[in-house]
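Colleague: The structure follows.
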Amino acid sequence: MQDMQTRKRSAMLVSLLSTVMAGVLLVSGCSKSEAPSAPLPDAAALLKQSADTTRGQQSVHLVLTVNGKIAKLTVTKLTGDMTLTPAVAGQGKANLSVGGMGVQDAPFVVYDNHLYASLSSGGPLSDFGPADAIYDISAILRPETGLANILDNFTDAKAVGREDINGVKTVKVTGTVSAEAVNKIA
């Protein structure tokens, strides 16, 4: 059962990793165009470079997609921008499950440590109180719990192809991530 949950988590991370890799390739300055038939780079080296780069990030545009269920994480999709500086803040839209009902494209804002959200697309934002009591978005960027930690905890990593994400050439990496690493951002 643990192995099955870990595989489901790895599917979510493929989407998350693609977003991170796009940012890493921009930061690393890959501007040469490579022939489509060029050999794929080493997945472990890419993950290490990505983790090192991600550790220094203070803000991120994130597209998080969850396939399957992760304990304590009611979000099935989140698209948004978040920052740690000058203070933790974020905004975006989320698909989530609340009281057994699915909510699609619910807008949210984290400002001054409060979560403002609407449980319907286009509805007014309500103050849900301290954001970190509901979900601490800073966990995504903290090196010890967030994306860098997830990248550090890949096993059986394989470079499986090339993709173009929003005009950025990337390498798609698949692998398995431990439930413990994923649950640190849940």
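The number in my numbering is simply the position in the sequence shown, starting from 1, with 97 added. No residue lacks a Cβ here, since even glycine has one placed at the ideal position from N, Cα and C. Predicted model, so just to flag it, every value in this text is computed and none were measured.
(1) Please check the pair Ser215 and Ala203, which I expect to be a contact at CB under 8 Å, by giving their CB distance rounded to whole angstroms.
(2) Is the CB-CB distance between Ser156 and Leu238 below 9 Å?
(3) According to DSSP, simplified to helix, strand and coil, what is Val279?
(4) By the DSSP assignment, the beta strand (DSSP E) with Leu159 in it spans what residues?
(5) Which residues share a DSSP beta bridge with Pro227?
(6) Quick check on the burial criterion: 16 or more other C-beta atoms within 10 angstroms. Buried or exposed for Gly153?
(7) Alpha carbon to alpha carbon, how far is Arg104 from Gly177?
(8) Relative to the alpha-carbon of Thr180, which residue among Pro221, Leu161, Tyr208 has its alpha-carbon at the smallest distance?
Modeller: The short version:
(1) 6 Å
(2) yes
(3) helix
(4) 156-162
(5) Pro227 is bridged to His211.
(6) exposed
(7) Low per-residue confidence applies at Arg104: pLDDT is 40, beneath 50, and the placement is therefore not dependable enough to give any value.
(8) Tyr208
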